[in-house]
Amino acid sequence: MSRLASIIANPNGLVILQSSVSQTCLPILRQVLKPTRLPPPQTLLFSFLYPPSSLIGSLASDASLISVFDYTERIPGYDTWTDSRQDILNAIKAAPPGSLRVVIDSVDTLASDISSDSQTFKFIKTIFTLISSRPQPSVLVLHLLSCSLLSLLTQTALSPTLTHVIAHPPVLIEHLITAYSTPPPPAGPAEKFWSVFIPISERAPESQRLVYGPDGTGACTGAGDDAKEFIVELIIRGVGIEGGKRTTERMLEGWNGEAAESPEKLGSLKALLSRKKVDEKPLDPMQSVSFNLHLTASQEESRGRVPLPYAHQLSATCSTIYYEPDSADDIDDDDPDEDLDI
């Protein structure tokens with residue numbers, strides 16, 4: 001089972017699903033909302049952006065599996081708007097005992113309603129404290145677009161452990177392979193790939209240009225019945241066994257339709273990633289010359305018997321400096337400073 005499939009089947013702690021203008025993470029969110037084990041955990045879905053029916057489908061009618069709170073019509077500035085924070089806290093506290101799965105879509109919309117990143121962060125921290133007091137595995141799943149609140153949510157002040165799932169369009173990997181010759185591991189060196197991938201992927205206009213530009217591939221919404229492919233960047237922060245040191249893993253996986261997939265099996269990347277890895281062994285400098293630079297055994301032996309003009313055979317073990325004066329050297333025993341009154 002891939003790491004992403006394992007996270008979807010058994011999420012725990014804090015999980016952040018990050019979409020962008022060029023690539024949505026909604027297909028993964030839909031899979032997280034589906035019950036994958038028995039008995040299924042109680043799930044609370046708080047929708048601020050997308051209608052709940054577009055996320056859970058037929059599950060909306062089964063209140064025993066999921067409780068839906070639709071706040072999409074609560075828009076600040078309209079008569080229908082009311083602050084939803086207390087309603088959310090009351091719903092979490094009133095949930096049946098046992099493990100709990102709380103999903104908020106989307107946090108950036110919630111922050112826009114509250115009009116304060118700091119207040120939104122304090123509210124999310126209160127929710128996570130309530131969930132952490134529940135039996136494990138309990139999880140808080142936050143779906144959002146890249147926003148200023150993201151830097152606060154990924155800090156250890158909220159949770160020492162974190163699973164951060166970021167969706168990228170496949171054309172971004174194609175661009176790195178063709179323009180920078182940096183395929184993702186194991187097709188290429190991991191250090192080289194991440195040093196190029198991270199700064200480019202963090203520049204949102206770069207991915208938008210590749211998707212929506214004059215030569216772009218077009219939008220990949222991930223909606224509908226047709227299979228959609230995209231790349232998933234996983235950042236998993238945990239606590240190690242030795243001395244409680246935190247460990248962070250970063251890896252790439254693919255997504256095809258409704259399931260995790262290896263990037264090299266995606267239709268848009270298969271041809272590029274199936275190329276044989278270039279042999280990285282250093283080339284022999286004597287391989288392409290038109291004459292032989294190697295010595296035979298007899299030639300090696302003859303060369304070893306040649307006396308070196310600068311080598312002196314000494315019977316003693318002490319070191320000696322040999323100096324032969326040049327004709328231009330002015331060597332005498334007189335003191336050059338004898339005329340000085342010192």
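Sequential numbering of the sequence shown, starting at 1, is according to the numbering used here. All residues carry an ideal CB built from backbone N, CA and C; glycine is no exception. Please read all numbers here as calculations on a predicted model, not as lab measurements.
For the beta strand (DSSP E) holding residue i, just list the boundary residues, first then last.
{"i": "residue 104", "result": "100–105"}
{"i": "residue 156", "result": "Note, residue 156: premise wrong, no beta strand (DSSP E); not H, not E."}
{"i": "residue 256", "result": "246–256"}
{"i": "residue 70", "result": "66–70"}
{"i": "residue 23", "result": "It is not in any beta strand (DSSP E) - residue 23 carries neither H nor E in the DSSP assignment."}
{"i": "residue 16", "result": "13–19"}
{"i": "residue 261", "result": "259–261"}
{"i": "residue 144", "result": "139–145"}
{"i": "residue 266", "result": "Careful: residue 266 lies outside any beta strand (DSSP E) and carries neither H nor E."}
{"i": "residue 362", "result": "What is shown of the chain runs 1 to 342, which leaves residue 362 out entirely."}
{"i": "residue 195", "result": "Not the beta strand (DSSP E): residue 195 falls in the alpha helix (DSSP H), residues 190–201."}
{"i": "residue 299", "result": "Run containing residue 299: none in the beta strand (DSSP E); it sits in the alpha helix (DSSP H), 297–304."}
{"i": "residue 42", "result": "42–47"}
Can the beta-carbon of residue i be found less than 7 Å from the beta-carbon of residue j?
{"i": "residue 260", "j": "residue 4", "result": "yes"}
{"i": "residue 98", "j": "residue 51", "result": "no"}
{"i": "residue 109", "j": "residue 48", "result": "yes"}
{"i": "residue 30", "j": "residue 65", "result": "no"}
{"i": "residue 273", "j": "residue 254", "result": "no"}
{"i": "residue 46", "j": "residue 92", "result": "no"}
{"i": "residue 16", "j": "residue 164", "result": "yes"}
{"i": "residue 137", "j": "residue 12", "result": "yes"}
{"i": "residue 143", "j": "residue 105", "result": "yes"}
{"i": "residue 233", "j": "residue 166", "result": "yes"}
Could you tell me which of the options sits nearest to residue i, measuring between CA atoms?
{"i": "residue 73", "options": "153, 82 and 325", "result": "82"}
{"i": "residue 157", "options": "14, 31, 325 and 320", "result": "14"}
{"i": "residue 209", "options": "168, 247 and 303", "result": "168"}
{"i": "residue 107", "options": "248, 231, 122 and 8", "result": "122"}
{"i": "residue 24", "options": "251, 247 and 211", "result": "211"}
{"i": "residue 207", "options": "230, 188, 43 and 181", "result": "230"}
{"i": "residue 388", "options": "299, 181 and 201", "result": "Nothing in the structure corresponds to residue 388, since the chain is present only between 1 and 342."}
{"i": "residue 90", "options": "2, 127, 199 and 76", "result": "127"}
{"i": "residue 36", "options": "215, 10, 188 and 44", "result": "10"}
{"i": "residue 309", "options": "299, 53, 298 and 322", "result": "322"}
{"i": "residue 20", "options": "147, 301 and 305", "result": "147"}
{"i": "residue 117", "options": "131, 129, 305 and 151", "result": "151"}
Assign residue i to buried or exposed, taking buried as 16 or more other Cβ atoms, counted over all protein chains shown, within 10 Å of its Cβ.
{"i": "residue 221", "result": "Interpretation of residue 221 is limited by its pLDDT of 44, a score under 50 that renders its predicted location unreliable; no figure is taken from the coordinates."}
{"i": "residue 223", "result": "Only weak support exists for where residue 223 lies, its pLDDT of 39 falling under 50; the value from the coordinates is given anyway. By the 10 Å Cβ count, residue 223 comes out exposed."}
{"i": "residue 18", "result": "buried"}
{"i": "residue 327", "result": "exposed"}
{"i": "residue 340", "result": "exposed"}
{"i": "residue 120", "result": "buried"}
{"i": "residue 171", "result": "buried"}
{"i": "residue 325", "result": "exposed"}
{"i": "residue 71", "result": "buried"}
{"i": "residue 276", "result": "With a pLDDT of only 46 at residue 276, under 50, the local geometry of the prediction cannot be trusted, and the value read off the model is given with reservation. Classification for residue 276: exposed."}
{"i": "residue 8", "result": "buried"}
{"i": "residue 186", "result": "exposed"}
{"i": "residue 79", "result": "exposed"}
{"i": "residue 86", "result": "exposed"}
{"i": "residue 263", "result": "buried"}
{"i": "residue 77", "result": "exposed"}
{"i": "residue 177", "result": "buried"}
{"i": "residue 103", "result": "buried"}
{"i": "residue 44", "result": "buried"}
{"i": "residue 139", "result": "buried"}
{"i": "residue 26", "result": "buried"}
{"i": "residue 279", "result": "Low per-residue confidence applies at residue 279: pLDDT is 44, beneath 50, and the placement is therefore not dependable, though the value from the model is reported in the following sentence. Exposed: under 16 other Cβ atoms inside 10 Å."}
I believe residue i touches residue j by the beta-carbon criterion, under 8 Å. Please report the beta-carbon distance rounded to the nearest angstrom.
{"i": "residue 154", "j": "residue 162", "result": "6 Å"}
{"i": "residue 174", "j": "residue 268", "result": "7 Å"}
{"i": "residue 141", "j": "residue 101", "result": "7 Å"}
{"i": "residue 111", "j": "residue 149", "result": "5 Å"}
{"i": "residue 237", "j": "residue 194", "result": "Residue 237 to residue 194, Cβ: 16 Å. No contact."}
{"i": "residue 235", "j": "residue 217", "result": "Wrong, their Cβ atoms sit about 25 Å apart, outside the cutoff."}
{"i": "residue 343", "j": "residue 42", "result": "Nothing can be reported for residue 343, as the shown portion of the chain is limited to 1 through 342."}
{"i": "residue 189", "j": "residue 246", "result": "Not confirmed; about 25 Å, so no contact."}
For the alpha helix (DSSP H) that residue i lies in, which residues bound it at each end?
{"i": "residue 174", "result": "170–180"}
{"i": "residue 204", "result": "204–212"}
{"i": "residue 272", "result": "270–273"}
{"i": "residue 53", "result": "52–56"}
{"i": "residue 90", "result": "85–93"}
{"i": "residue 6", "result": "3–9"}
Is the CB of residue i under 7 Å away from at least one CB in chain D?
{"i": "residue 135", "result": "No chain D is present in this structure, which holds just one protein chain."}
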